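Written out below as structure tokens is the structure these notes cover.
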Amino acid sequence: MKVLIATEKPFAAVAVEGIRKEIEAAGYELALLEKYTEKAQLLDAVKDANALIIRSDKVDNEVLDAAKELKIVVRAGAGYDNVDLDAATAHNVCVMNTPGQNSNAVAELVFGLLVFTVRNFFNGKAGTELKGKKLGILAFGNVGRNVARVAAGFGMECYAYDAYCPKEVIEAAGVHAVDSQDVLFETCDVVSLHIPATPETKQSINKALVGKMKKGGIVVNTARKEVINEPELIELMSEREDIKYVTDIMPDAHAEFAEKFAGRYFSTPKKMGAQTAEANINAGIAAAKQIVGYFKEGIERFRVNK
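Take the sequence shown: its position 15, counting from 1, is numbered 15 in the numbering used here, and each next residue is one higher.
What follows is the structure, encoded as structure tokens:
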């Protein structure tokens, strides 16, 4: 059995060694394709792979066509929109993610961005504090729950909306459950986005929704670029000079945001939510364990395709 790690942005060396231990202890072979620069390299490497571990690497129909022996793809991380799920199903390939492994790293980044923002991007001028502010959490999954946990330490009052999470679960975490996205944005000083990029959520964070925020509202996006309706957010921020937007996913219209909204907009150069040594190791080893569990015992707990 051959397991391929294909990572344009490689795992840390210690994570690779952790993966290797899991894979070789199961009697499988581990192969590495790191820092590849052309898709052709990936197409060649997957030809004889039975399992594939990726990060943000794209697995589409062409890759699946080339991977004749492939049975499982594991995305080391929570999001999996870089994998064509329908194509994987058509090729009889199981796709999994590793939910929860990066959640603390992302939650901590949210507050790094927030402190930076309320202190006016550290420009030397007086800012405000997070204590006593109302924080809205849009989607109460693994990351959202960690955000609520950290927020409690800052003394923030937390609210959450999640169409798929029972209110009792949200309330049990000491968070106020609200009935809609609209109420969340109307109520909170800060809204942190943790929704996946789906047909329902893409472009859903728009002018009408963000425009419901009270004066000085802050939107933090560590989820996906596609959930933001960029033209409408630009229009709103042009009209309302009190709204701020910070993200670790650089928008397509980054140059326009940066030019028009200096002091109210910030984006990291690349996605940073999972960029910690701990998350890197956790997600990689979890992916390896899931592959072994799949082949040895048929475990499909984190399968995301049909």
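We put the beta carbon where it would ideally sit given N, CA and C, even for glycine.
Remember, it's a predicted structure, so these values are computed and weren't measured experimentally.
Residue nearest to Asn146 within the set Arg301, Gly273, Asn305 is Gly273 (criterion: CA-CA distance).
For Ser192, the pairing in a beta bridge is given by DSSP as Ile137, Val220. Pairing Glu8 with Asp57 gives a Cβ-Cβ distance under 7 angstroms. For a cut-off of 8 angstroms, the C-beta gap from Glu278 to Ala13 is around 14 angstroms, too long to register as a contact.
Under DSSP, the beta-bridge partners assigned to Ser267 are Thr247. The three-state reading of DSSP puts Val178 in coil, since its state is none of H, G, I, E or B.
Look at Asn50 here: in three-state DSSP terms it is coil, with no helix or strand label.
Here DSSP, grouped into helix, strand and coil, assigns Tyr294 to helix.
Every beta strand (DSSP E) of 3 residues or more that sits fully in the stretch 55–133 is shown, in chain order, as 72–75, 94–97. A straight-line Cα-Cα distance of about 38 angstroms links Arg20 and Glu200.
CA-to-CA, the gap between Pro196 and Lys296 works out to about 30 angstroms. Taken through DSSP and simplified to helix, strand or coil, Thr276 comes out as coil. Judged by DSSP secondary structure, Ile5 falls within the beta strand (DSSP E) whose first and last residues are 2–7.
Closest option to Ala15, judged by alpha-carbon separation, among Ala287, Phe302, Val292: Ala287. With the rule of 3 Cβ pairs closer than 8 angstroms, the stretch 149–168 counts as touching the stretch 129–141. For Ala160, there is no enclosing alpha helix (DSSP H); the enclosing beta strand (DSSP E) has its first and last residue at 157–161. For the options Ala66, Leu70, Lys214, Tyr36, the alpha carbon positioned closest to that of Lys2 is the one of Leu70. Looking at Val190, Gly174, Ala173, the one whose alpha-carbon comes closest to that of Gln181 is Val190. In terms of CA proximity to Leu43, Ala6 leads the group Val115, Leu30, Arg75, Ala6. Beta bridge pairing from DSSP links Ala31 with Leu4.
Rounded to the nearest whole angstrom, the C-alpha separation of Val304 and Gly298 is 15 angstroms. With fewer than 16 other Cβ atoms inside 10 Å of its own Cβ, Ala25 counts as exposed.
Under the three-state reduction of DSSP output, Arg303 falls in the strand class. Shortest Cα-Cα distance from Ile23 to any of Glu38, Pro10, Ala223, Leu52 involves Leu52.
The C-beta distance from Asn229 to Leu193 rounds to 12 angstroms, too long to fall under 8 angstroms, and the pair is not in contact.
Of the candidates Lys47, Glu239, Leu64, Phe257, the residue whose Cα lies closest to the Cα of Val246 is Phe257.
Within the model, the alpha-carbon separation for Phe111 versus Phe121 is close to 13 angstroms. Spatial neighbours of Gly216 in its own chain (CB-CB distance under 6 angstroms, excluding positions within 5 residues in sequence) are listed in chain order as Asp242. In this structure the stretch 92–108 lies against the stretch 71–80, because at least three pairs of beta carbons, one per stretch, are closer than 8 angstroms. Beta-bridge annotation (DSSP): Ile228 is paired with Ile205. The alpha carbon of Tyr265 has as its nearest neighbour, out of Met250, Gly153, Val73, the alpha carbon of Met250. When the five nearest sequence neighbours on each side are left out, the beta carbons in the same chain lying within less than 8 angstroms of the beta carbon of His254 are those of Ser267, in order along the chain.
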